[in-house]
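S.K.: My numbering puts the first residue of the sequence shown at -3, with every later residue one more than the last.
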Amino acid sequence: MTSPDPELSPRRAARAEAERLATAALATMPPVEPVTRRRLRTEGETPSPRGQGGIRALLSSRGGTVATRRRRAGVLAVALTIVASGAVAIGAAASAGGGEGEAQTATVDTVAAVPGPPAVPAEGLPVPQLAAVPATATPCDDPDFTAALAAGDDSAAISAVGGGSAFREAVASGIAPCVSLSDPNREWVVVNKQRPLDPLDYRAGDLVMPQNVRALEESALRSAPASALTELVRAASEAGAGEIGYLSAFRSYSTQQSTYAGRVDVGGVEEADRESARAGYSEHQTGLAVDIVPCDGSCGTLDDIASSSQGAWVRDHAWEYGFITRYAEGRESVSGYLPEAWHQRYIGRELARAYHEGGYTTLEEFFGLPAAPTY
Ligand SMILES: [Zn+2]
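And the structure:
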């Protein structure tokens, strides 16, 4: 029997020490794996070879469950935050030494986590990678999106981006310059005291009278909100909330001139501006807004809607039909108007859902626009 030599030779001792140090160093390094690819695969996505395809995979809601879409929205929020810091971050990464070159070409599908110094363990928390999304990623490069925009199909355009919340995020973050919030033909147009109609005497082209809705004036709506109002009124009635009629919907530039002048005659300019828009600045000129009234036998006034059963139902359910209460209680400093429970503005079902679920109370804040309290 031989026993191990208790004394290592100097060469073996040096090798053992080197192995010990290498093992210790490896133990402190995070594992290297493709973080974003792993997340996409978890959702059953096929990674796209293109950066734009990658962000579209995040943005698209087609074929996914609600939960999947919400996860995508979370990923998108991270991606958009990264894009917002955009070229600066990627430029810095490219010139900082480590990982240069990769930062210029990496896509959301292929980037791998870069080993760094030991970090505080945070299991389960995704670590955003600054190089994960190319600075040029934008829905405006998506052929499905641009084709829907060109066709005037607002709903299809929003779906192509991945739904109302994704659309709102893209517009508010500035990565969708092909979307104009000033285009009066769009359901997402924003008109306020700082954002006049363009042209000032704009007139909607597809005005129709809503079917099966009591109209107190011969006042039309654009076809999409007209159909939506018909559905809303029927649903409110079936729910037992009572009949909803309306007083005024589309108003032309010249009609708005008369409406506003009438208010000025009664209360002066300052008071009129809190309650009525000047011609060229009214949502009624878009054909997307309607002033509703409660009808129980005969119809009440605009002021009656807030405390009526119809008004209560509208507060809870109008968003399901694409409408929002545009001038909410206590928001005059942003919207520019006193609260108007009767004034319902159509923005389409996808955006109204995002507005409702996001808890928004002004369209200005929804799209990240400045407040518009005055002209
Ligand atoms: Zn109104």
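We put the beta carbon where it would ideally sit given N, CA and C, even for glycine.
It should be emphasised that the depicted structure is a prediction, and the values quoted were computed from it without experimental measurement.
1. So what's Asp292 in DSSP terms, helix, strand or just coil?
2. For a test of the three-state rule: what should DSSP assign to Tyr351, helix, strand or coil?
3. What's the C-alpha gap between Ser215 and Ser244?
4. Is it the case that the Cβ atoms of Glu234 and Gly318 are separated by a distance below 9 Å?
5. Can you give me the Cβ contacts of Ser278 inside the same chain, cut-off strictly under 6 Å, excluding the 5 residues immediately before and after it?
6. Return yes when the C-beta of His313 is under 8 Å from any heavy atom of ligand 1, and no when it is not.
7. From the DSSP output, which residues share a beta bridge with Tyr323?
8. What number of angstroms, rounded off, separates the C-alpha of Tyr198 from the C-alpha of Ser178?
9. Leaving aside the five residues before and after Ala268 along the sequence, list all residues of the same chain whose C-beta is less than 8 Å from its C-beta, in chain order.
10. Per DSSP, Ala162 is paired with what?
11. Just verifying my parser: in three-state terms, what is the DSSP assignment at Tyr242?
12. If you check the beta carbons only, do Gln306 and Ala237 fall under 9 Å apart?
13. Mark Arg58 as exposed unless 16 or more other C-beta atoms lie within 10 angstroms of its C-beta, in which case mark it buried.
14. Does ligand 1 have a heavy atom nearer than 8 Å to the CB of Ala268?
15. Quick check on the burial criterion: 16 or more other C-beta atoms within 10 angstroms. Buried or exposed for Pro206?
16. For ligand 1, is there a heavy atom less than 8 Å away from the beta-carbon of Ala285?
17. Where does Arg372 sit, in a helix, a strand or coil, going by DSSP?
18. Leaving out the 5 sequence neighbours to the left and right, which residues in its chain are closer than 6 Å to Gly354 when beta-carbon positions are compared?
19. What is the rounded straight-line gap between the Cα of Phe163 and the Cα of Ser151?
20. Starting from Asp287, follow its DSSP beta bridges and name the residues at the other end.
21. Any idea what DSSP makes of Val167, helix, strand or coil?
22. Just confirm the distance between the C-beta atoms of Val186 and Glu360, as a whole number of angstroms; I'd bet it's less than 8 Å.
23. Indicate the three-state DSSP secondary structure (helix, strand or coil) for Val157 in the structure shown.
24. From Val209 to Ala133, what distance separates their C-alpha atoms?
25. Figure out for me which residue from Ser219, Arg274, Glu239, Leu347 has the closest Cα to the Cα of Gly332.
26. Looking at C-alpha atoms only, which residue of Tyr242, Leu334, Val229, Ser304 is the closest neighbour of Glu271?
27. Considering only residues of the stretch 188 to 249, which uninterrupted alpha helix (DSSP H) runs meet the minimum length of 4 residues and lie entirely inside it, listed in chain order?
28. Relative to ligand 1, is the shortest distance from any of its heavy atoms to the C-beta of Glu213 smaller than 8 Å?
29. Can you tell me whether Ser303 is helix, strand or coil according to DSSP?
30. Go ahead and label Tyr351 buried or exposed: buried means 16 or more other beta carbons lie within 10 angstroms of its beta carbon, across all protein chains shown.
31. Report the three-state DSSP secondary structure of Thr251 (helix, strand or coil).
32. Determine whether the beta carbon atoms of Leu225 and Gly283 lie at a separation below 9 Å.
33. Which two residues bound the contiguous alpha helix (DSSP H) that contains Ala314?
34. Could you compute how far the alpha carbon of Thr297 sits from the alpha carbon of Asp140?
35. Would you mind stating whether Tyr249 and Leu212 have Cβ atoms separated by less than 9 Å?
36. If you run the structure through DSSP and keep just helix, strand and coil, what is Gly276?
M.R.: Let's see:
1. Secondary structure of Asp292 (DSSP, three-state): strand.
2. helix
3. In this structure, the alpha-carbon of Ser215 lies about 6 Å from that of Ser244.
4. No. Outside cutoff.
5. Gln252
6. Result no, Cβ not under 8 Å from ligand 1.
7. Note: Tyr323 sits in a beta bridge opposite Glu336.
8. 12 Å
9. Excluding positions up to five away in sequence, the list reads Tyr256, Arg259, Val260, Val262.
10. None, per the DSSP bridge assignment.
11. strand
12. In contact: Gln306 and Ala237 (Cβ atoms closer than 9 Å).
13. Any reading at Arg58 needs caution, since the residue's pLDDT is 41, under 50, leaving its predicted position unreliable; the model's value is listed next. Per the 10 Å Cβ criterion, exposed.
14. The answer is no for Ala268.
15. buried
16. yes
17. Not covered by the structure: residue 372. The range shown for the chain is -3 to 371.
18. Correct list: empty, nothing qualifies.
19. 11 Å
20. Ser244, His339
21. helix
22. 7 Å
23. helix
24. 45 Å
25. When only C-alpha atoms are compared, the closest one is Arg274.
26. Leu334
27. 219 to 234
28. no
29. coil
30. When all chains shown are included, Tyr351 counts as buried.
31. helix
32. no
33. Segment: none, Ala314 is in no alpha helix (DSSP H) and carries neither H nor E.
34. 45 Å
35. Not closer than 9 Å, so no.
36. coil
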